[in-house]
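S.K.: Dumping the structure here so I can ask a few things about it.
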Amino acid sequence: MSPELITEQAYNNKPPFQARTQILLAKKIKEGKILDIPKEYSQDMRQLIKSMLNVTQSKRPSTIDFLKNEKVRTYIYEINLEEKEIKLKHYESELKQYEKRLKNKEKELLLKEKELNEREKHIKEMEEKSKQQEEKTHSFNGNNGNKYASPNCGNYSLQNIL
Numbered sequence: 119m120s121p122e123l124i125t126e127q128a129y130n131n132k133p134p135f136q137a138r139t140q141i142l143l144a145k146k147i148k149e150g151k152i153l154d155i156p157k158e159y160s161q162d163m164r165q166l167i168k169s170m171l172n173v174t175q176s177k178r179p180s181t182i183d184f185l186k187n188e189k190v191r192t193y194i195y196e197i198n199l200e201e202k203e204i205k206l207k208h209y210e211s212e213l214k215q216y217e218k219r220l221k222n223k224e225k226e227l228l229l230k231e232k233e234l235n236e237r238e239k240h241i242k243e244m245e246e247k248s249k250q251q252e253e254k255t256h257s258f259n260g261n262n263g264n265k266y267a268s269p270n271c272g273n274y275s276l277q278n279i280l
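For the sequence shown, our numbering begins at 119 and goes up steadily by one.
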């Protein structure tokens, strides 16, 4: 793993081992001679990078050792935290959209409820008017429950006619 990857920096054109010829480069790699790691990195990070470039395999940290390093663990923790924060913001945004849709739906339902209440009120008024009109018609006819009564002929029943 390159030092740039660990420190979240872009790769540059400089390899950890530099030489004028391939033979000298192979010799430097074999000897483990590397350029000094810039002082902008902490001592712990420089030490970790040097240990990763160690020629002797047994002296290089394993993946588990690398992941146990405090700086690496902190970095991984921060990355995970950032990912969770991004997900949380996404969920929060979705929740706000959902809440907005619910509020719009609630407004629609309240409007429909109001319309239905107005219709129901209108129907009751019409029923009441119809009932009153029917009562007026019955009382005007003076039929007193006789459905064969006629307003022009008086109060006659079938028995009187036959």
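Even for Gly, the Cβ is constructed at its ideal location relative to N, Cα and C.
Three or more beta-carbon pairs under 8 angstroms between the region 202–219 and the region 175–192, yes or no?
M.R.: Touching, no, given that fewer than three Cβ pairs across the two stretches are closer than 8 angstroms.
S.K.: Specify, as a first and last residue, the run of the alpha helix (DSSP H) that Leu-185 falls within.
M.R.: Within the sequence shown, residue 185 is the residue found at index 67, counting from 1. 181–186 is the span of the alpha helix (DSSP H), which, as asked, contains Leu-185.
S.K.: In chain order, what residues of the same chain lie with their CB nearer than 6 angstroms to the CB of Glu-210, ignoring the 5 residues before and after it?
M.R.: For the purposes of this step, residue 210 is identified with residue 92 of the sequence shown, where counting begins at 1. So no residue of the chain qualifies.
S.K.: Using the Cβ count rule (16 or more neighbours within 10 Å means buried), how would you classify Leu-227?
M.R.: One-based indexing of the sequence shown puts residue 227 at position 109. Exposed, since its Cβ has fewer than 16 Cβ neighbours within 10 Å.
S.K.: Is it right to say Leu-142 is buried, meaning 16 or more other beta carbons lie within 10 angstroms of its own, or is it exposed?
M.R.: The residue given as residue 142 occupies position 24 in the sequence shown. Flag for Leu-142 reads exposed.
S.K.: Is Met-170 near Pro-156, with beta carbons less than 8 angstroms apart?
M.R.: Translated into the one-based positions of the sequence shown, residue 170 becomes position 52. Translated into the one-based positions of the sequence shown, residue 156 becomes position 38. Going by C-beta atoms, Met-170 is not nearer than 8 angstroms to Pro-156.
S.K.: If I follow the unbroken alpha helix (DSSP H) through Ile-152, where does it start and stop?
M.R.: As a working mapping, residue 152 is identified with position 34 in the sequence shown. Counting along the chain, Ile-152 falls outside any alpha helix (DSSP H), and DSSP gives it neither H nor E.
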